[in-house]
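For reference, the structure is listed below as structure tokens.
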Amino acid sequence: MYRAIAANKRNTIFIIALFLLLIGGLGLVANYMYNDSSYSILIGTVIGAIVYTVIQYFAAGRQAVAMSGARQIEKRDNPRLYRIVENLVITTGMPMPKIYLIDDPAPNAFAAGRDPKHAIVAATTGLLDIMDDSELEGVMAHELGHVKNYDIRVTTIVFGLVVAVGIIADILLRMTFFSRGGRNNNSNAIFLVLGLAAMIIAPIVAGVVQAAVSRQREYLADATGALTTRHPEALASALEKLGAHGRPMQRQNSTMAHMWIADPTRPGIIDRLFSTHPPIADRAKRLRQSGLGF
Numbered sequence: 002m003y004r005a006i007a008a009n010k011r012n013t014i015f016i017i018a019l020f021l022l023l024i025g026g027l028g029l030v031a032n033y034m035y036n037d038s039s040y041s042i043l044i045g046t047v048i049g050a051i052v053y054t055v056i057q058y059f060a061a062g063r064q065a066v067a068m069s070g071a072r073q074i075e076k077r078d079n080p081r082l083y084r085i086v087e088n089l090v091i092t093t094g095m096p097m098p099k100i101y102l103i104d105d106p107a108p109n110a111f112a113a114g115r116d117p118k119h120a121i122v123a124a125t126t127g128l129l130d131i132m133d134d135s136e137l138e139g140v141m142a143h144e145l146g147h148v149k150n151y152d153i154r155v156t157t158i159v160f161g162l163v164v165a166v167g168i169i170a171d172i173l174l175r176m177t178f179f180s181r182g183g184r185n186n187n188s189n190a191i192f193l194v195l196g197l198a199a200m201i202i203a204p205i206v207a208g209v210v211q212a213a214v215s216r217q218r219e220y221l222a223d224a225t226g227a228l229t230t231r232h233p234e235a236l237a238s239a240l241e242k243l244g245a246h247g248r249p250m251q252r253q254n255s256t257m258a259h260m261w262i263a264d265p266t267r268p269g270i271i272d273r274l275f276s277t278h279p280p281i282a283d284r285a286k287r288l289r290q291s292g293l294g295f
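Taking my numbering, the leading residue of the sequence shown gets 2, the next gets one more, and so forth.
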């Protein structure tokens, strides 16, 4: 597992570099459209994406709370959830995260923040309703696994870059439609095709990369959670309940879908190709074969 953590950290650097190259490629297309020999558009695009990502790095946790409609709780508000998280934190020696509850019948949970000192964990009322204590402990151990492995930092950065790619692609398309740029009219059709291709392909590539990162980190968080509780069967059972009782969240937002323990959108067949979550049956099978219990 520790080798997997180290590999994920190395892959993170590669993924961020890939996103920056993708953003830079969009900037080059815009630069060519306007015949900018100083490359100011390219430089501005890359710098703007980096600045946006830095802002997201510090604000993503609060944004996730706002998007999900979560409310912060103390022990008196929900002793069961609070004590389970508190016990897991004592076991792992991690800082106590802020705990949030989401009034939603769809069973789910997520973790967010930039590091363990600034982490939050959240669960829905639907999750608490269908899980027994050992299963709920497994789910929250999984979420704390994301915190421990610094997945929350990676997903925050990737989230910012994915959104940046979408924004830049949209701007590029608008530039293509509504501006003549610095070149002759005969080349406008070519630039229109380039703009359309950039708008369509870039977000798809970004989504595929985001999904690949999230899938591997879900497996790792499952293993980390099972190692913490020494009860992989409980988490496997919880995942199977999520698969059986899962439903779309009342407040859906695809940009934070990768943060949840189970896909909050229940996508169709085509969407599953870009799903941020591996199959639940596969995750449960891996847990039962892990040998992490007593």
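Virtual Cβ for every residue (Gly too), placed ideally from N, Cα, C. What you are looking at is a predicted structure, and each value in this text was computed from that prediction instead of being measured.
Check	Outcome
Just how far apart, CA to CA, sit Ala237 and Gly167?	35 angstroms
Would you tell me roughly how many angstroms separate the C-alpha atoms of Thr54 and Pro80, rounded to the nearest one?	36 angstroms
With DSSP as the reference, label Val72 as helix, strand or coil.	Reading off the sequence shown, one finds Arg at residue 72, where the question assumed Val. Looking at Arg72 - three-state DSSP - the assignment turns out to be strand.
Excluding sequence positions up to five away, which residues of its chain have a Cβ less than 6 angstroms from the Cβ of Gln251?	Asp105
Can you tell me which of the three DSSP states Ile51 falls into?	helix
By DSSP's criteria, Phe111 is part of a beta bridge. Which residues make up the other side?	Ala123, Trp261
Expressed to the nearest angstrom, what Euclidean distance is found between the alpha-carbon atoms of Leu82 and Met260?	19 angstroms
Ala235 and Gly139 - do their beta-carbons sit closer together than 8 angstroms?	yes
Given this structure, state the Cα-to-Cα distance separating Asp171 from Asn36, to the nearest angstrom.	20 angstroms
Inspect the CB distances between the segment 102-121 and the segment 139-148 and report whether three or more fall short of 8 angstroms.	yes
What are the start and end residues of the beta strand (DSSP E) that includes Tyr83?	Taken as a continuous stretch (DSSP letters only), Tyr83 belongs to no beta strand (DSSP E), being part of the alpha helix (DSSP H) at 80-93.
With distances taken between CB atoms, is the gap from Ala263 to Leu243 smaller than 8 angstroms?	yes
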